[in-house]
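When we follow the UniProt record's numbering, the leftmost residue of the sequence shown carries the number 1, and every step to the right adds one.
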Amino acid sequence: MIEFGSVSDDDESRVEENCGITPGSVTDGDADQMLTSVQQTMENSRLSALQKDLAKEMKVKDGLEKFMSTNTSASRRYLEDSKNMLDDSKAKIALLRMQIDKIAHQEYDQQTGNGAAESKSHQEVMIDDLLFRLRKETALIDGAKNMVKILRAQPQKKSDHRSLNDASL
């Protein structure tokens with residue numbers, strides 16, 4: 001049975017032998033290279049995950065467009081739901097493309113040595129990301145407010161009243 005929390009000297013020496021790391025064998029330059037390598041691996045895995053999500057979302061969008069074009073006899077509710085899903089899919093595709101471009105731009109900055117990405121601390125990167133998200137949310141809220149204004153300015157129909165209630169939530 002393995003007991004967690006208790007590590008013997010034999011265990012430590014086996015780990016050091018397997019990793020090739022011994023006390024004092026890692027210099028500051030090596031540590032920086034390892035950190036950079038780990039960061040690049042994380043960015044590459046994030047980039048590939050975003051590209052997979054983008055491919056999936058493109059398939060969803062294509063499927064919804066085909067459904068809407070071929071099923072004109074489907075109920076109005078299904079067509080409205082499909083339209084909403086298509087709009088959501090297009091928005092998600094745009095977001096994924098922006099995130100992919102952002103990562104690609106960061107990689108380009110690191111490769112060209114602009115130093116902009118290297119000089120920022122982890123907290124500054126987090127702050128930039130949060131500010132970016134805040135701007136997107138603000139734009140979304142402004143768009144919803146404009147939609148409510150437009151719907152209120154139009155003559156009221158049954159479907160518009162329902163849309164207005166949905167938009168004002």
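Glycine included, each C-beta is placed from N, C-alpha and C at the ideal position.
(request) Tell me whether Thr72 sits in a helix, a strand or coil according to DSSP, three-state version. (result) By one-based count along the sequence shown, residue 72 stands at place 72. Here Thr72 sits in coil by DSSP.
(request) Quick one: using the 10 Å Cβ neighbour count with 16 as the cut-off for buried, is Ser69 buried or exposed? (result) Translated into the one-based positions of the sequence shown, residue 69 becomes position 69. Looking at its Cβ environment, which holds fewer than 16 other Cβ atoms inside 10 Å, Ser69 is exposed.
(request) Sort Leu140, Ile141, Asp142, Asn165 by Cα distance to Arg152 and report the nearest one. (result) Indexing the sequence shown from 1 puts residue 152 at position 152. The shortest C-alpha separation from Arg152 is found at Asn165.
(message) Does the contact criterion of 3 or more C-beta pairs under 8 Å hold for the stretch 89 to 104 versus the stretch 40 to 47?
(response) yes
(request) Return the CA-CA distance between Gly143 and Arg97, expressed in angstroms with no decimal places. (result) The count along the sequence shown starts at 1 and reaches residue 143 at position 143. The count along the sequence shown starts at 1 and reaches residue 97 at position 97. In a straight line, the C-alpha of Gly143 is about 21 Å away from that of Arg97.
(request) Closer than 7 Å by C-beta to Met85: which residues in its own chain qualify, once you throw out the five before and the five after it? Chain order, please. (result) As a position in the sequence shown, residue 85 is number 85, starting the count at 1. If we look at Met85 and ignore the five residues flanking it on each side, its Cβ neighbours are Leu64.
(message) I'd like the span of the alpha helix (DSSP H) that includes Gln154, first residue to last.
(response) Along the sequence shown, one-based indexing puts residue 154 at 154. From DSSP, Gln154 is part of no alpha helix (DSSP H); its letter is neither H nor E.
(request) Identify whether Ser121 lies in helix, strand or coil by the three-state DSSP scheme. (result) On the sequence shown, position 121 is the one that residue 121 refers to. Coil, per DSSP.
(request) To the nearest angstrom, report how far apart Ala139 and Lys145 are at their CA atoms. (result) For this step, residue 139 is matched to residue 139 along the sequence shown. For this step, residue 145 is matched to residue 145 along the sequence shown. Computed Cα separation, rounded: 10 Å.
(message) I'd like the list of long-range same chain contacts for Arg76, defined as Cβ closer than 6 Å, with 5 residues on each side in sequence excluded.
(response) Against the sequence shown, residue 76 aligns to sequence position 76. Closer than 6 Å at Cβ, skipping near neighbours: no residue.
(request) Out of Gln51, Gln154, Glu124, Thr72, state which residue places its alpha-carbon closest to the alpha-carbon of Ile93. (result) For the purposes of this step, residue 93 is identified with residue 93 of the sequence shown, where counting begins at 1. It is Gln51 whose Cα lies nearest to the Cα of Ile93.
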